[in-house]
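Here is the structure we will look at.
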Amino acid sequence: MNIKVIIDFEIIGNYKKDKKEFYENMEILKKISQIYQTDLFISSNDIKIFKSLNVNNINIYLKETQKNEDYLVKVSEKYDWVLYFKSGTKEVLCEGNIIYSPIKLKGNIDNFKNISFTEHAKNKKYYHDFSNYYMETLANDTPKEAQFLIDIFKKYINKDNGKVIDCCCGVGRHAYLLAKDGFKVTGIDISSDQITNAEKIHNHSNIDYKIMDIRDFDLVDKDYEMSYCMWTTYNYLSLDKDLKKFIKTNYNHQKKGSILILDSKNIPRLDAHRMYHRYTEKDKFKMDILINKYVFNNIQNSQYFLFINDNGYKKFFYDDEFVRFYTINELKKIIDGCYEIIDIYGNFDMEKYNDKTSNRFITVLKRI
Ligand SMILES: C[S@@+](CC[C@H](N)C(=O)[O-])C[C@H]1O[C@@H](n2cnc3c(N)ncnc32)[C@H](O)[C@@H]1O
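Note that the sequence shown covers residues 2 to 369 in our numbering.
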C-alpha cells in the first residue's frame with residue numbers, strides 16, 4: 002500500500018515562538034518520514050530555518066494555498082492514501098483518500114477523570130470490526146508467552162496443568178495453546194466480536210469462552226488455580242476502584258494459594274514518543290496501521306490510523322486509547338487483603354524484573 006504524508010510547515014510550529022514544541026513536532030516529522038515518503042509545504046520565509054535542521058529525505062514545496070490544493074489532488078490520484086497534517090485542523094477527518102489531521106494527537110486526559118479507560122477501549126475498532134486481523138498485525142510472540150504461563154503454573158502450583166481463567170482473552174491466542182497443553186481454560190472478554198473470533202479461530206474442547214466484564218464476572222466454579230491478564234490489559238482499569246473490583250472478583254473464584262498474573266510493559270523502558278507502522282495482507286484485505294504513542298507520567302496514549310483496502314474498497318478508521326501503568330506500591334495497596342506479590346518478572350524468559358532494564362512488568366500474585 003502506498004501512503005504519502007504531507008505536512009504543513011505551520012503545523013511544525015513556529016520555531017521562534019515555541020522551540021520545545023517545534024522540536025517535538027520535528028521528531029514526529031522525522032519518524033514519519035522514515036516510515037513513509039514525506040513532503041513538506043513550507044513558506045519562503047521558513048526555508049532557511051528548515052534547511053538548518055538537517056532533516057533528510059523530505060521533499061519541500063513552496064506554500065501557496067491554491068497550489069496546495071492542486072498538489073493534493075494530483076498526489077491523491079497517484080497514491081492509495083494521503084495523510085495531510087494540516088494547520089488549523091482540530092480532529093482527524095477523511096475525505097476520499099485524503100486524511101486531514103492535526104499533528105498534536107495526544108488525547109484529552111481530562112475526559113477520563115471519572116471513567117475507567119476500559120469504557121473508552123470498549124469501542125476500539127481492533128476489538129470489533131478488525132478483530133479477525135488481530136493475530137496477524139499485533140500478536141508476534143504468542144508461543145513464548147503461553148510457555149511462560151505454563152512454566153509459571155508448574156512453578157507455583159506444582160502441577161503440569163489445571164483450571165485457569167484468561168482474563169480479557171481477546172481472540173484466545175494464549176487460551177488455545179494452554180488448552181492444547183491440557184489446561185481447562187475459561188476465556189473472558191467484554192467484546193462479543195473478540196469472543197466470536199476466538200470461537201472461530203481458537204476453538205478447543207478444553208476452552209469455554211464467555212462475554213463478560215472482568216470487573217464483575219460470575220462463573221459457576223470457584224476453584225480456579227491460576228488467572229492471568231496478558232498484554233498491558235489490566236491497565237485499561239485506570240481507576241483504583243475498577244482494578245479493585247477485578248481483583249476482588251478473581252479472589253472470589255480462587256482458593257487460598259492460587260495465583261493471578263498481571264502482565265504489562267515496563268514504563269521506564271518506554272520512550273516518551275514512539276511512532277511505527279504495521280502492515281498485514283490476507284486474501285484480498287490489506288491494512289497498514291500507523292501507530293503513534295505518547296507516555297506522560299504513568300499514562301500511555303496511543304493513536305491508530307488504519308488504512309485499509311478491502312477487496313478494492315478503500316476504508317479509513319481512526320482509533321485512540323489510554324492505559325495506566327501501576328507502580329508496585331499502588332498495586333500492593335489495591336490487592337491488600339486479597340493477594341500478595343510473590344514474584345515479579347521482567348520478560349517472558351522468566352528473568353527477574355529490573356525497573357530500569359526490563360521490557361515487561363509481570364507480577365505474580367498469590368491469593369491469601
Ligand atoms: C490488548 S487486548 C489483549 C487480549 C489478549 N489478552 C491478548 O494478549 O491477546 C485487550 C482485550 O481486553 C478486552 N477488554 C477490555 N476491557 C475489558 C473488560 N473490562 N472486561 C473484559 N475484557 C476487556 C478487549 O475487548 C480486548 O479484547
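All C-beta atoms in this analysis are idealised placements derived from N, C-alpha and C, irrespective of residue type, glycine included.
Between the C-alpha atoms of residue i and residue j, what's the straight-line distance to the nearest angstrom?
{"i": "Leu41", "j": "Arg368", "result": "57 Å"}
{"i": "Glu146", "j": "Val172", "result": "15 Å"}
{"i": "Lys256", "j": "Asn298", "result": "36 Å"}
{"i": "Gly89", "j": "Asn60", "result": "22 Å"}
{"i": "Leu263", "j": "Glu70", "result": "50 Å"}
{"i": "Asp284", "j": "Glu65", "result": "42 Å"}
{"i": "Tyr305", "j": "Ile290", "result": "6 Å"}
{"i": "Val365", "j": "Met231", "result": "12 Å"}
{"i": "Asp214", "j": "Thr234", "result": "12 Å"}
{"i": "Asn26", "j": "Leu63", "result": "19 Å"}
{"i": "Val296", "j": "Phe362", "result": "16 Å"}
{"i": "Phe23", "j": "Phe318", "result": "28 Å"}
{"i": "Thr281", "j": "Cys339", "result": "42 Å"}
Quick check on the burial criterion: 16 or more other C-beta atoms within 10 angstroms. Buried or exposed for residue i?
{"i": "Gly313", "result": "exposed"}
{"i": "Lys5", "result": "buried"}
{"i": "Gln301", "result": "buried"}
{"i": "Gln195", "result": "buried"}
{"i": "Val221", "result": "exposed"}
{"i": "Ala122", "result": "buried"}
{"i": "Asn112", "result": "exposed"}
{"i": "Asp320", "result": "buried"}
{"i": "Asn109", "result": "exposed"}
{"i": "Tyr346", "result": "buried"}
{"i": "Lys294", "result": "buried"}
Between residue i and residue j, how many whole angstroms is the CB-CB distance? I'm expecting something under 8 Å.
{"i": "Lys246", "j": "Arg216", "result": "4 Å"}
{"i": "Lys31", "j": "Glu322", "result": "The pair is not a contact, with the Cβ atoms about 24 Å apart (cut-off 8 Å)."}
{"i": "Ile336", "j": "Glu226", "result": "Actually they are not in contact, since the Cβ atoms of Ile336 and Glu226 sit about 18 Å apart, beyond 8 Å."}
{"i": "Ile419", "j": "Cys170", "result": "Residue 419 lies beyond the residue range present for the chain, which begins at 2 and ends at 369; the question has no answer from this structure."}
{"i": "Tyr277", "j": "Ile260", "result": "Between Ile260 and Tyr277 the Cβ distance is about 34 Å, and since that is not below 8 Å, they are no contact."}
{"i": "Asn360", "j": "Arg270", "result": "6 Å"}
Open item on the list: Would the segment 236–248 count as touching the segment 346–356 if we require 3 or more Cβ pairs under 8 Å?
Closed with: no
Task: Whole runs of the beta strand (DSSP E) within the segment 117–177, excluding any shorter than 3 residues - done: 164–168
TODO: Give a yes or no on contact between the segment 123–132 and the segment 173–184, applying the rule of three or more CB pairs nearer than 8 Å.
DONE: no
- [ ] Tell me the start and end of each unbroken beta strand (DSSP E) in the segment 44–106 that is at least 3 residues and wholly inside, in chain order.
- [x] 59–63, 82–86, 94–96, 99–102
Open item on the list: Ignoring anything shorter than 4 residues, give me the alpha helix (DSSP H) runs that lie fully in the segment 315–365, in order along the chain.
Closed with: 329–336
TODO: Mind the definition here: the segment 6–13 touches the segment 41–52 only if three or more C-beta pairs lie below 8 Å; say whether that holds.
DONE: yes
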